[in-house]
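First comes the structure, then the notes that go with it.
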Amino acid sequence: MFKVLLVSIVYSAVSVDFSSADSIKAATSKIAQQLMSYYRPYPANPPNAREGHIIESTNHDETGFQWYEGGIMWGAMMEYMRATGDNQYTTTVVNGLTLGSSGKIGSFLGANKVINGLAGRWNDDIMWWGLGVVTGPELFGNPTSVMPGGVSYLALIQSTYDDVWAQWDDSCGGGIFWNRNRQDPNKSRKFLKSTITNAQHINIGARLYLMTGNKTYIDNAVKTYNWLKGGIISSDFRIYDGVMSDSTCANSMTDSKYLSDSYNPGTLAGALAWLYKATGDQQYMTAAENIAKKAMDLYSNNGVIQDRCETSANGCAQDQVSPKGTFIRGLAYVYMFTSNQDMKNLIQTTLQNSAKALIPMCDNNWNAYSDYWSTGKSVSTKSVHLQMNALELFNALTLISNNGQSAKLQQPVSAPQTQPQAQPAPGPVDSSATALRALGAIVVVFFMVL
Ligand SMILES: *[C@@H]1O[C@H](CO)[C@@H](O)[C@H](O)[C@H]1NC(C)=O
Ligand SMILES: *[C@@H]1O[C@H](CO)[C@@H](O)[C@H](O)[C@H]1NC(C)=O
């Protein structure tokens, strides 16, 4: 105890009392605040940035902040709202998701400059954004309420789901392709059916079923899971990266066998937890727990979560950081829906150990300065990538401190449901956002006075 205290005094003035839900939540709020400080909504950003994501450098490639990471960020912010009930960023988050889906066009494959020019032709990319949208109705209640562009949450989720499902074919027993371009001259892009894509789709399908009761979503999710079981999930619950759906049907990770990035098992375990929630069928939760348990063993060091890139010769490139955060998000879903106390304890201990390792590498304002939690190697500069992972970790711990229950979203819910004045991209979404925030603040003050 004394040692922990001493470490936190030496390296950083911030600390958390893990026996106090309020203390965990307060840290989580600070981390979210710092994450949102990276986002300067249109029109403050250069023209490209108006599409709802961050320009950390001018490069939308492996050296900068990529388009899909914007989707992960908004998903993490939605999970923040689920865990804490803090409503102050709702308008910003929903506007960000609206901009990413081209406002009234309502598609993540829409007329968005960044998507068309640089990215977004990958099914996993559009689903990171889609997963942010799925959380909306779970928090705000009504799937058919509309986003600021005039498109309902449900319509946007369904169109994302359908766009991706159209990319299933029966080669190599089934599965959904990773890249949307069937003519891609690069064979590893053309033929890969990636685990992540299929896992995300199960997740969206299970939650769409919960919103609509449409059984097709369950049938397709089960079909996809059965395909994964046929070759991608090993008998001891390690997860391959995918299958090359050419004449070989080769596993794409035959070399460093099984060791795909942590987001594959994490996202798959989370998806199966949702499938359990949707169906009540215990086999899916059992599979989720087995995959999560194996992954926490494989992707950890001294009980602290550690992704594969952290021990590689070159360390983690910018685009290798966020997988760890989505791994943790998946563990949080397992925690939410399992009734297995041993499993809950394991997840809690692993995440708490990870947070205790991270805290000394945060500054006084809760900016994270490293993604190498288990070894304490500093990267000596803060970044949005590091902050996203810190938020996913503390979101999960906040949820756990509430025994896996969602917090009640603070009133007033300024979830943009019907705001005719808010315009889609490239309109000035954020002026109305500011007005709404101001309105929200006034009402909050009013409530406080009461
Ligand atoms: C082919 O695509 C893979 C996966 O994106 C990439 O790693 C590789 O560098 C590409 N190869 C060429 C020659 O561009
Ligand atoms: C159920 O969902 C599927 C897939 O999106 C869709 O094709 C079908 O029309 C839906 N059925 C109903 C009754 O809405």
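Under mature numbering (1 follows the signal peptide of the UniProt record, and there is no 0), residues -21 to -1, 1 to 429 are what the sequence shown spells out, in order. C-beta atoms are modelled at their ideal positions from N, C-alpha and C, and glycine is treated no differently.
Can you give, in chain order, each stretch of the alpha helix (DSSP H) that sits fully within the region 54 to 141 and has at least 4 residues? Taking 4 residues as the shortest admissible run, the region 54 to 141 contains the following complete alpha helix (DSSP H) segments, listed from N- to C-terminal end: 69 to 79, 92 to 96 and 102 to 119.
For Asn193, is the beta carbon positioned less than 6 Å from some heavy atom of ligand 2? Answer for Asn193: yes, Cβ within range of ligand 2.
Does the region 158 to 178 come close enough to the region 111 to 122 to have 3 or more Cβ pairs within less than 8 Å? Contact between the region 158 to 178 and the region 111 to 122 is absent: fewer than three C-beta pairs spanning the two stretches fall below 8 Å.
Please check the pair Ala252 and Tyr312, which I expect to be a contact at CB under 8 Å, by giving their CB distance rounded to whole angstroms. The beta-carbon separation of Ala252 and Tyr312, rounded to 4 Å, stays under the 8 Å limit for a contact.
Just how far apart, CA to CA, sit Gly43 and Ser362? Using only the alpha carbons, I get a separation of about 10 Å.
Sorry if obvious, but does the Cβ on Arg168 come closer than 6 Å to a heavy atom of ligand 1? Proximity of the beta carbon of Arg168 to ligand 1 is indicated: a heavy atom of the ligand is located closer than 6 Å.
Residues near Trp206 by beta carbon distance below 8 Å, same chain, minus five either side: Excluding sequence neighbours, Trp206 sits near Gly152, Gly153, Gly154 and Asn177.
Give the list of continuous beta strand (DSSP E) stretches no shorter than 3 residues that lie fully inside the region 140 to 178. The region 140 to 178 is shown to contain whole beta strand (DSSP E) runs of 3 or more residues at 171 to 173, in chain order.
What does DSSP give as the partner residue(s) for Met322 in the beta ladder? Partner residues in a beta bridge of Met322, as assigned by DSSP, do not exist.
Would you mind working out which of Leu14, Phe(-4), Ala134 and Ser(-2) sits nearest Asn344, comparing C-alpha positions? Checked all of Leu14, Phe(-4), Ala134 and Ser(-2); the closest Cα to Asn344 is Leu14.
Neighbourhood of Leu133 by C-beta, 6 Å cutoff - its chain only, sequence neighbours within 5 removed: For Leu133, where only same-chain residues beyond five positions count, the Cβ hits under 6 Å are Pro122 and Thr123.
DSSP three-state assignment for Leu254, whether helix, strand or coil: Helix at Leu254.
Label Gln384 either buried or exposed according to how many other C-beta atoms from any shown protein chain fall within 10 Å of its C-beta, with 16 as the threshold for buried. If you draw a 10 Å sphere on the C-beta of Gln384, you find fewer than 16 other C-beta atoms in it, and that means exposed.
Have a look at Tyr68 and Ala229 and give me their C-alpha separation to the nearest angstrom. The straight-line gap from Cα to Cα measures roughly 45 Å.
Whole-angstrom Cβ separation of Ile175 and Tyr242, contact assumed at under 8 Å? Right, their Cβ atoms sit about 6 Å apart.
I'd like the list of long-range same chain contacts for Gln396, defined as Cβ closer than 6 Å, with 5 residues on each side in sequence excluded. With a pLDDT of 46 at Gln396, under the threshold of 50, the modelled position of that residue is not reliable, and the figure given next carries that caveat. The beta carbon of Gln396 sits closer than 6 Å to those of Ser124, all from its chain and outside the five residues before and after it, given in chain order.
Can you name, in chain order, every residue of its own chain whose Cβ lies under 6 Å from the Cβ of Asp225, other than the five neighbours on each side? Within the same chain, Asp225 has close Cβ partners Phe170.
Status (buried if at least 16 other CB within 10 Å, exposed otherwise) for Thr227: Counting every other CB atom within 10 Å of its CB across the protein chains shown gives Thr227 a total below 16, marking it as exposed.
Going by C-alpha distance, which of Met223, Val113, Thr139 and Tyr219 is nearest Leu189? It is Val113 whose Cα lies nearest to the Cα of Leu189.
Are there any heavy atoms of ligand 1 lying less than 6 Å away from the beta-carbon of Asn293, as far as the coordinates show? Distance from the C-beta of Asn293 to the nearest heavy atom of ligand 1 is not below 6 Å.
Out of Ala250, Ser150, Glu289 and Thr71, which has the shortest C-alpha to C-alpha gap to Met56? Relative to Met56, the option among Ala250, Ser150, Glu289 and Thr71 whose CA is nearest is Thr71.
Please tell me whether residue 466 and Leu78 are closer than 7 Å, where the distance is taken between their beta carbons. Here the chain covers residues -21 to 429 and nothing more, so residue 466 does not appear.
How big is the Cα-Cα spacing for Leu88 and Asn102? Rounded to whole angstroms, Leu88 to Asn102 spans 10 Å at the Cα level.
Which residues in the same chain have their Cβ closer than 6 Å to the Cβ of Ile326, if we skip the five residues on either side of it in sequence? Once the five neighbours on either side are set aside, the close Cβ partners of Ile326 are Leu310 and Tyr314.
Is Asn165 close to ligand 1? I mean its beta-carbon at under 6 Å from any heavy atom of the ligand. Within the chosen limit of 6 Å, ligand 1 reaches the beta carbon of Asn165 through at least one heavy atom.
Find the nearest neighbour of Gln390 within the set Asp65, Ser16 and Trp157, judged by alpha-carbon distance. It is Asp65.
From the DSSP output, read off the bridge partner residues of Asn259. Note on residue identity: the sequence assigns Gly, not Asn, to residue 259. Paired residues: none, contrary to the question.
Ser301 to Gly54 span [Cα, whole Å]: Taking the CA atoms as reference points, Ser301 sits about 12 Å from Gly54.
Let me make sure I understand the geometry here. Which of Ser(-7), Asp198 and Ala(-1) has the alpha-carbon closest to that of Leu376? The residue with the shortest Cα to Cα distance from Leu376 is Ala(-1).
Distance check for Ser214 and Thr413, CA to CA, integer angstroms please. Confidence at Thr413 is low in this model, with a pLDDT of 34, below 50, so the placement of that residue should be treated as unreliable; the coordinate-derived value is given next. For Thr413 and Ser214, the distance between alpha carbons rounds to 52 Å.
With a 10 Å radius around its C-beta and 16 neighbouring C-beta atoms as the bar for buried, classify Ala(-9) as buried or exposed. Within 10 angstroms of the beta-carbon of Ala(-9) lie fewer than 16 other beta-carbons, which makes it exposed.
In the DSSP output, which residue or residues are listed as bridge partners for Gly221? Its beta-bridge partners are Ser173.
Which of the three DSSP states, helix, strand or coil, is assigned to Cys341? Residue state, collapsed to three classes: strand.
Applying the criterion that 16 or more other CB atoms from any shown protein chain within 10 Å of the CB defines a buried residue, is Ala347 buried or exposed? It is buried - the Cβ of Ala347 has at least 16 other Cβ atoms within 10 Å.
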